[in-house]
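Q: I have a structure I would like to understand better, so I am pasting it below and will then ask my questions one at a time.
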Amino acid sequence: MNFELREFADTRYVPKKLSEQTVSCPVCNAETKLSIYAHDVPVVGTLLLFVLTCPNCGYRYRDSVPLAHAGKHVRITIKLNKPQALSALLYRSPYANVSIPELDIEINAGPANPGEITTPEALLLKLAETLFPLCTSVDNPEKCFDVVKKLVQAANGEVPVTLVIDDPSGLSTILKATECEYSVVVES
């Protein structure tokens, strides 16, 4: 079979370049280009894509930002009480705070917090991996290790928890959720 690329090219889904800016690489400080694209994605809507690759050190940065609720405070609550809920697809913006009330966990957005397309399962496991090495240096290591254990159990669907994404920028959104209980509250 001999296929040509143009047979598969559908220009409706090709990102449109909005701008290109010269910036300093955050790793080696060399001059590099940051490209910004707009991309219309079925179901999701318009995404802004940010792409940076440093020609000097090879550092790569990629981020995507859905514009569905941009500028309006959004609060997403997902009940993680079924295995299907763990595989919901969501975008957590760099400005979003994440909390799990049942485990008394609250993570505030910070400067090193990239936006990401993820699942609740991956988010729970990432929290467990980040918290685990810190447990030996806290006042109550046993409690900390217990929280890590519960995060892993929740990621495996063994312990029901509620995932709350509170985003003042309004950029966080649920991209795909089947058979799970969730709510999205957009404040005007």
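So in this note's numbering, the last one in the sequence shown is 204, and the numbering has no gaps at all.
Using N, Cα and C, we set each Cβ at its ideal position, and we do this for glycine too.
Say whether the segment 71-89 touches the segment 38-53, bearing in mind that this needs 3 or more beta-carbon pairs closer than 8 angstroms, one atom from each stretch.
A: Counting Cβ pairs under 8 angstroms, three or more are found: they touch.
Q: Could you check what DSSP says for Leu167 in three-state terms: helix, strand or coil?
A: Along the sequence shown, one-based indexing puts residue 167 at 151. Correct three-state label for Leu167: helix.
Q: Rounded to the nearest angstrom, what separates Pro157 and Thr189 at their Cα positions?
A: Taking the sequence shown and counting its residues from 1, the one referred to as residue 157 is at position 141. Taking the sequence shown and counting its residues from 1, the one referred to as residue 189 is at position 173. Roughly 34 angstroms between the two C-alpha positions.
Q: What residue does the alpha helix (DSSP H) around Thr146 start on, and which one ends it?
A: Your numbering for residue 146 matches position 130 in the sequence shown. Segment 136-147, the alpha helix (DSSP H) holding Thr146.
Q: Buried or exposed, going by whether 16 or more other CB atoms sit within 10 Å of the CB of Pro205?
A: This structure cannot settle anything about residue 205, because the visible part of the chain is limited to 17 through 204.
Q: Kindly examine the ligand GTP and report whether one of its heavy atoms sits closer than 7 angstroms to the Cβ of Ile181.
A: For the structure depicted, the ligand GTP is absent and the ligand set is empty, with no information on it obtainable.
Q: Would Pro42 pass as a contact of Leu63 if the rule is Cβ separation under 8 angstroms?
A: On the sequence shown, position 26 is the one that residue 42 refers to. On the sequence shown, position 47 is the one that residue 63 refers to. Cβ distance not < 8 angstroms, so Pro42 and Leu63 don't count as in contact.
Q: According to DSSP, is Asp162 part of a helix, a strand, or is it coil?
A: For the purposes of this step, residue 162 is identified with residue 146 of the sequence shown, where counting begins at 1. In the structure shown, Asp162 sits in a helix (DSSP, three-state: H, G or I).
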